[in-house]
Amino acid sequence: MRRSPAIAPLLAAGALAAVLAACQREQAEPVAGVTHTPEAAVQAMAESLRANDLRQFSELALPPALRERVAMRWEQDRAARAAPSAEDRAEFAQTMRDLTAPDAEETLYAEVEPQLAQWENEFATQGPLVMGMLSGLANVAINRSETLGPAQKEHAAGIVGALSAWATEAPLFDRERARQAVAVTVDTARALDLETAEDVAALDFEQALGRGGTVAQGVRQTLAVYGLDLDATFASLETHVVDQTADTATVHVDYELAGHPLGFDMAMVEQDGRWYSREIIASAEQRLAEPVDGAPPETAADAEPDAAPAPATARAANAAGAGNG
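Sequence positions in the sequence shown follow mature numbering (1 follows the signal peptide of the UniProt record, and there is no 0) and run -21 to -1, 1 to 304.
Take a look at the structure:
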């Protein structure tokens, strides 16, 4: 079904964001030697994100054996994932054709420009109320979380507050900024070189990672158009070690988000002479422990770095596909 002009930019952004979770650059410089202290490890991870180098980030964030297991799991999930529906294939293909057409910038801006005045009027009267409600709901969810500790909840609430303040004041309906944002989206779509949903589904782990730097850069450029400068956020980052033992440490990180000072502690663990985030490792291990399409969780034998991946189970014909890299 052909989408209405009013929601075309949102669908385009959604299509790109869906790929973001699965992406990184295909070539990255070696990272050995830059993570021999907990503070250096945190700074190296931040620099890889600042450079939109998601592949290097994964190498810095995960021990080699664990990263290999994550890559194997990606392939298992990919093999088990249901093929896109005919409707999804048509929608995605049309979106990408619209985004990559020779006159895409002018065509898409012509679709969204008439809506800007309407959205601006609605936001002027309802925007503060909507933002207040969204912030309140986010803070309720944070406070009710059973996985976040008190310090993590405080940090998450600070992020919500900073982003809420930015969104309330951001020039979201400025015509020239909208034109710039459309241009960034079009450039990003062209650089992805993904014409169909099948192209996305066929990406293996490293290929998927290869697209992510491009998308991350596009997202950051779009946010910068509207005044959320993540380059400034990374530039403001400062770290210092709070405590350290032989194989554990706590690194405190201070930074600014949209002009708001924030900070948090990162628990680090040492493995084979390199330091890693304990939380990232735990998250990866938890994901690996989940079944692949109803298959048994990974066993201890499966966890060996040189173990062959278990055969992926077939997905039932009517199951909905879902992926998260």
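Every residue, glycine too, gets a C-beta built ideally from N, C-alpha and C.
What whole-angstrom Cβ distance do residue i and residue j have, given they're in contact under 8 Å?
i	j	result
Ala141	Leu241	7 Å
Ser143	Met110	6 Å
Leu45	Ala263	6 Å
Val165	Leu95	In fact, because the Cβ distance is near 18 Å, the residues do not count as touching under 8 Å.
Ile260	Leu41	7 Å
Leu236	Thr212	5 Å
Ala181	Pro63	Contact doesn't hold; Cβ gap of about 11 Å is too wide.
When you compare the CB positions of residue i and residue j, do they come within less than 7 Å of one another, or not?
i	j	result
Tyr234	Leu216	yes
Thr218	Val204	no
Phe243	Ala176	no
Pro150	Arg156	yes
Asn31	Gly192	yes
Val139	Ala117	yes
Phe152	Glu99	yes
Glu47	Val220	no
Express the C-alpha separation of residue j and residue i in angstroms, rounding to a whole number.
i	j	result
Gly137	Ser124	15 Å
Asp226	Ala246	11 Å
Thr79	Arg253	43 Å
Leu39	Glu26	11 Å
Asn122	Glu85	45 Å
Phe184	Trp53	6 Å
Gln105	Met51	47 Å
Gln223	His15	13 Å
Thr74	Phe36	30 Å
Ala160	Ala59	36 Å
Pro270	Leu33	25 Å
Ala65	Arg57	18 Å
Ser114	Ala146	11 Å
Glu81	Glu148	For the sequence presented, residue 81 should be read as Pro rather than Glu. Going from the Cα of Pro81 to the Cα of Glu148 covers about 34 Å.
Leu250	Ala162	Here residue 250 is Gln; the residue named in the question, Leu, does not match the sequence. Straight-line Cα distance between these residues: approximately 44 Å.
Val21	Pro93	45 Å
Lys132	Ala83	42 Å
Ala7	Ser256	Residue confidence for Ala7 is low, a pLDDT of 39 falling below 50, so the modelled location carries little weight; the figure read from the coordinates is stated next. The straight-line gap from Cα to Cα measures roughly 20 Å.
Val49	Arg76	33 Å
Pro107	Gln97	16 Å
Ala69	Asp178	13 Å
Ala61	Asp67	12 Å
Gln265	Gln55	16 Å
Ala130	Arg190	34 Å
residue 311	Phe102	This structure leaves residue 311 out entirely; the chain is present only between -21 and 304.
Leu127	Met24	22 Å
Pro134	Val248	Pro is not the amino acid found at residue 134; the sequence shown has His there. Each residue's alpha carbon lies about 21 Å from the other.
Glu174	Leu188	17 Å
Grouping DSSP H, G and I as helix and E and B as strand, with all else coil, what is residue i?
i	result
Ala149	coil
Tyr88	helix
Thr229	strand
His239	strand
Val139	helix
Glu125	coil
Ser215	coil
Asp244	strand
Ser256	strand
Glu249	strand
Val221	strand
Asn31	coil
Ala160	helix
Glu5	In this predicted model, Glu5 has a pLDDT of only 36, less than 50, meaning its place in the structure is not dependable enough to derive any value.
Counting pairs of beta carbons, one from the region 189 to 209 and one from the region 169 to 180, are three or more of them closer than 8 Å?
-> yes
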